[in-house]
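K.L.:
Residue numbers (my numbering): 3 to 89. Yeah, the Cβ is synthetic: ideal placement off N, Cα and C, and Gly gets one too. Bear in mind the structure is a predicted one, so any value in this text is a computation, not a measurement.
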Amino acid sequence: MLTTRAFRKDYKRSSRSGACDMELLQSVIDLLSRDDPLPDSHREHSLVGEWAGCLECHVAPDWLLVYERDEETLTLYRLGSHAELFG
């Protein structure tokens, strides 16, 4: 698994806020790293435009994870609200 600098900053911000369920995030990352399917509640979908080729899932209703996976590697790009990531 690879993480970008932006993801690490997003993770730190989310962790410090106290408003985010970091255990829920870890469970999503664990599923992704094992290449297991996410439950439908996470609304996994492909992105277009600037993020074409990446996927997004909803860790929580307005807490999104942007990532990419291939046969060998899971890369975590960003973590945050819709406004923080795309606004």
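(1) In this structure, does DSSP put R71 in helix, strand or coil?
(2) Among A85, D32 and F88, whose alpha-carbon lies nearest the alpha-carbon of T77?
(3) What's the C-alpha gap between L87 and W53?
(4) Can you tell me whether G82 is helix, strand or coil according to DSSP?
(5) With H, G and I counted as helix, E and B as strand and the rest as coil, what does DSSP make of A62?
P.N.:
With the given structure in hand:
(1) Looking up residue 71 in the sequence shown gives position 69. Of the three classes helix, strand and coil, the one that applies to R71 here is strand, per DSSP.
(2) In the sequence shown, the residue the question calls residue 77 occupies position 75. Ranking the options by Cα distance to T77, first place goes to D32.
(3) Reading the sequence shown from its first residue, position 85 is the one you call residue 87. Reading the sequence shown from its first residue, position 51 is the one you call residue 53. Whole-angstrom Cα-Cα distance: 11 Å.
(4) Counted from its first residue, the sequence shown places residue 82 at position 80. Residue state, collapsed to three classes: strand.
(5) Translated into positions along the sequence shown, residue 62 becomes position 60. Three-state result, A62: strand.
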